[in-house]
Each structure stands twice: as C-alpha cells, then as structure tokens.
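Undergrad:
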Amino acid sequence: MKQSSANVKNNQSMVYKLTLSGLFIAFGTVTGSVFYIPFLGGKMFPVQHFLNVVAAVVLGPFYGVANAFCISLLRNILGTGSILAFPGSMVGAFLAGIVYKKFKNIYLTAVGEFVGTGILGALIAYPMATMILGKKVAAFAYVFPFSLSCAGGAILAVILLSVPVIRKVIKREAL
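Residue numbering for the sequence shown is 0 to 174, as defined by numbering that gives the first Met the number 0.
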C-alpha cells in the first residue's frame, strides 16, 4: 500500500511540474513576440530570465533547462527569437537551478541566473554569432546586453518570489 501511495504522489508531482512547464513555455513564447529589445543581431528577452529564476525555484534545474530550450526553439520557429537565445537562456537556467537546489536562496538563484546567462551564456554565444550568424564582434560583445536583459528579468523574479503569499504557496507545493 505504501508503494502505491508513493507512486501516486510521484505521478502527481510529475503532472504538477509538466503543467507548470507548459504554462511557463506558453507564457515565454507568447511574450517573446511582444516584449523584446533588439541588440547586435540578437534580442534581449528579460521575460526568459524571469521565467528561468521562477522555474529554478519552483521546478528545479532539469525542468528549467527544458523550459528554456523549448521557449528558445519555439521562438526561433515562430521567427521571434534568434539562435543566441539557446546559450543565453539554457546556461542561466541550469546554473540558477543548481544554485537553488544547493542553497534554497532566491537571491543567490538570481545571481546564478546572472552569471550563467550574463557571463557564461554570452561567452558561449560569441562563437555562435561569428560562425552561424556571421557577426564580427568582440568576444565580450554579448556580455553587456545579456547581463542587462538578465538583470531585469532576475530582479522581477526576486520581487515576485519575495511576496509572502507566493512564498507560502511555493513552500506548500514544494516537491
């Protein structure tokens, strides 16, 4: 009997995470066509970084990276994103998820998103921009726009996740 109740709880957890992932992916994809800032052949998309931090806290690193990949892919298919969305979002989502899993601190999670996207993701974007997009830019050219985009989204996520009612829901629904 215990094993079957554990399986039910595990299935509920998976359904919960998949449902939230679907909502985050839909929100990220739809807002990608409305709210972005063009810069150096790429698009700054602070909503992605907001979602990365929220997903890191609510869903964990695996779902955060999967969400970032799906949003980037859908935005590229729909013509509202650029190839630079992949390293910019996925590295930040991964680092934010790992940091939250280890420290359970939303401020450090936002810093993880910032370092992952603003620095590491930007440096990974450089060879993609030069080889795939044919953009001749300096190696650190994407650090500023990625950091700027990331900072806005991460700060909004920290503000949202700091609201006491939302913190209670997250703690109650922690999986």
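Virtual Cβ for every residue (Gly too), placed ideally from N, Cα, C. A quick note: this is a predicted structure, and the numbers were derived from the prediction, not measured.
Enumerate, from N- to C-terminal direction, the unbroken alpha helix (DSSP H) stretches of 4 or more residues contained entirely within the stretch 118 to 150.
TA: Listed in chain order, they are 121 to 130.
Undergrad: Would Asn66 pass as a contact of Ile24 if the rule is Cβ separation under 8 Å?
TA: Closer than 8 Å, so yes.
Undergrad: Within the same chain, show all residues whose beta-carbon is closer than 7 Å to that of Val90, passing over the 5 residues directly before and after it, in chain order.
TA: Cβ neighbours of Val90 beyond the five flanking positions: Gly115, Thr116, Leu119, Gly120, Ile123.
Undergrad: Below 8 Å between beta carbons: does that hold for Leu160 and Val46?
TA: Not closer than 8 Å, so no.
Undergrad: Let me know if Ala137 comes out buried or exposed under the rule of 16 or more other beta-carbons within 10 Å of its beta-carbon.
TA: When all chains shown are included, Ala137 counts as exposed.
Undergrad: Can the beta-carbon of Leu58 be found closer than 8 Å to that of Met127?
TA: No, the Cβ-Cβ distance between Leu58 and Met127 is not below 8 Å.
Undergrad: Out of Leu155, Lys167, Cys149, Val164, point me to the one whose CA is closest to Met43's CA.
TA: For the residues Leu155, Lys167, Cys149, Val164, the minimum Cα distance to Met43 belongs to Cys149.
Undergrad: State the start and end residues of the unbroken alpha helix (DSSP H) segment that holds Phe102.
TA: Note, Phe102: alpha helix (DSSP H), 84 to 102.
Undergrad: As a quick exercise: from Tyr62, Lys103, Lys101, Val164, pick the residue whose alpha carbon is nearest that of Ser88.
TA: Looking at the Cα atoms, Tyr62 is the closest of the given residues.
Undergrad: With a threshold of 6 Å on Cβ separation, who are the neighbours of Leu73 within its own chain once the five nearest residues in sequence on each side are excluded?
TA: Excluding positions up to five away in sequence, the list reads Thr28.
Undergrad: Below 6 Å CB to CB, which residues in the same chain sit around Ala55 once its five sequence neighbours on both sides are set aside?
TA: Here the set comprises Gly63, Ala95, Gly96, Tyr99, Thr108.
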